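Asks: I'd like to ask some things about the structure below.
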Amino acid sequence: MKFSFRIRTGGEVIFLGSEHTQIVYYGEPEEHGRWRVDLNALEKLINDGLRDLHFGGYVDEFYCGLEIADIEGWGNSFIKTRDYVSLRPKIRAIVSVAQIDWLVVKDQSLEYQYLLLLEQVIDCIERISTAKRKPAGFEASAMAKQMRNVLSHIQLNQINLESPT
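Position 109, counted from 1, in the sequence shown is what our numbering calls 105; the numbers after and before it change by one each time, with no gaps.
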């Protein structure tokens, strides 16, 4: 099974380490907090843990549509995708959205952000079993269980965006 994040953020979200590349349209930027989890490193670790596994049916790839934003502040643009799950038979994939409210995590630690992300990823996998269109034979619960196992073995220093000092 191949796992991929598809990331969508609100303009208020700043990834740690990218502060100086952000475009500022008005005076000095306000303090917005920072996203601390290295999603590229996390995606690689997840793929290492899911390599050679198959969870039934014809699905070969899982896309986690990760949305990080002030969900309520952006209104319908993010609210309407809250429980989105889509089966993509032509590409043998499933897309399911995980949302993280920026106002809840922006000033939190790496550990807090990671634990919340872990919950959301598991939830978006489990949601497949309740979708209107689901792939025949796909075991969402087995994938969620394996994902819990993979995520529980990841060390925070493996996914930390902070530069080593």
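Beta carbons are placed, not taken as given, at the ideal position from N, Cα and C, and that holds for glycine.
These numbers were taken from a predicted model, which means no experiment stands behind them.
1) So G45 packs on R2, CB below 8 Å; how close in whole Å?
2) Just the C-alpha distance for G29 and I155, rounded to the nearest angstrom, thanks.
3) Strictly by DSSP, which residues pair up with T5?
4) Is the separation between the beta-carbon of L112 and that of F11 shorter than 8 Å?
5) My output table needs one value for F74: the three-state DSSP class, helix, strand or coil.
6) Buried or exposed: E68, going by 16 or more other Cβ atoms within 10 Å of its Cβ?
7) Hey, how far is the Cα of L49 from the Cα of K(-2)?
8) Between which residues of its own chain and D66 is the CB-CB distance below 8 Å, once the five residues before and five after are set aside?
9) Could you tell me how far apart the beta carbons of E63 and R4 are, in whole angstroms, since I believe they sit closer than 8 Å?
10) The beta strand (DSSP E) spanning I90 covers which residue range?
Replies: Taking the coordinates as given:
1) As a working note, residue 45 is residue 49 in the sequence shown. As a working note, residue 2 is residue 6 in the sequence shown. Actually they do not touch by this definition, with Cβ atoms about 19 Å apart.
2) Numbered from 1 along the sequence shown, position 33 holds the residue referred to as residue 29. Numbered from 1 along the sequence shown, position 159 holds the residue referred to as residue 155. Answer to the nearest angstrom: the Cα atoms are 18 Å apart.
3) As a working note, residue 5 is residue 9 in the sequence shown. T5 is bridged to I64.
4) Translated into positions along the sequence shown, residue 112 becomes position 116. Translated into positions along the sequence shown, residue 11 becomes position 15. Their beta carbons are not under 8 Å apart, which means L112 does not touch F11 by this criterion.
5) As a first step, residue 74 must be located in the sequence shown, where it is residue number 78. Looking at F74 - three-state DSSP - the assignment turns out to be helix.
6) Within the sequence shown, numbered from 1, the residue matching residue 68 stands at position 72. So E68 ends up on the exposed side.
7) By one-based count along the sequence shown, residue 49 stands at place 53. By one-based count along the sequence shown, residue -2 stands at place 2. About 9 Å.
8) Taking the sequence shown and counting its residues from 1, the one referred to as residue 66 is at position 70. Around D66: G6, E8, D97, W98, L99.
9) Position 67 of the sequence shown, counting from 1, holds the residue named residue 63. Position 8 of the sequence shown, counting from 1, holds the residue named residue 4. Indeed they touch by this definition, with Cβ atoms about 5 Å apart.
10) Translated into positions along the sequence shown, residue 90 becomes position 94. 89 to 97 is the span of the beta strand (DSSP E), which, as asked, contains I90.
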